[in-house]
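Report on the following structure.
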Amino acid sequence: CKLTSRQNKVCVFRLDMETKKLEAICEIDDSGTGRPAGNVIIRDGTLLRPAQASFRKYGESIQFKEILSIGKGSYVEQTRSVLEGKDTRTGDGKAADRIHTINRCGNMEIIDYSIDTFDLFRPLRLILSMIWRKQMVQQQ
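Its first residue numbered 1, the sequence shown is counted upward by one per residue in our numbering.
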């Protein structure tokens with residue numbers, strides 16, 4: 001599965017655990033939602049692939065795509081639901097602006113989100129951080 005910059009593809013592989021060989025099954029173009037947003041979720045026997053949807057902005061939402069079939073040269077999925085950042089609340093009730101990743105472990109659910117803020121000095125801090133890192137590398 002070869003990608004050029006700014007491409008969105010879903011590349012499906014099969015791993016043979018006995019031989020430890022990886023076999024390419026297929027690749028599909030997936031405009032805007034090819035980037036994964038976490039591990040595949042198994043829910044009531046259904047496979048759901050969380051995918052980042054970034055049509056208007058990065059981290060706009062996560063689409064949960066049901067994997068309907070996987071076969072040699074074939075992969076079919078369908079969007080079942082969408083979780084938008086604005087629908088995700090922090091512990092203090094703030095809405096997230098961007099949502100990037102969702103994963104589960106047992107009864108725990110982990111969501112990576114961000115809240116956009118305006119900071120007049122952010123560009124200056126980024127430049128100073130880059131200068132500091134460059135100096136640290138040169139000292140080594």
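For each residue, glycine too, the CB sits at the ideal point set by N, CA and C.
Integer-rounded CB distance, given that residue j should sit under 8 Å from residue i
i: V10; j: D30; result: 5 Å
i: V82; j: S54; result: Contact doesn't hold; Cβ gap of about 13 Å is too wide.
i: Y113; j: T88; result: 6 Å
i: E77; j: R49; result: 6 Å
Cut-off 6 Å between Cβ atoms - residues of its own chain near residue i, not counting five sequence neighbours on either side
i: G47; result: According to the sequence as given, residue 47 is Leu; it is not Gly. So the list reads V40, I67, once near-sequence residues are dropped.
Spatial distance of residue i from residue j (CA atoms)
i: C105; j: Q52; result: 20 Å
i: A37; j: H100; result: 6 Å
i: E18; j: G71; result: 20 Å
i: A96; j: T90; result: 7 Å
i: I25; j: S69; result: 12 Å
Where residue i sits in the DSSP three-state scheme
i: D119; result: coil
i: K134; result: helix
i: D87; result: helix
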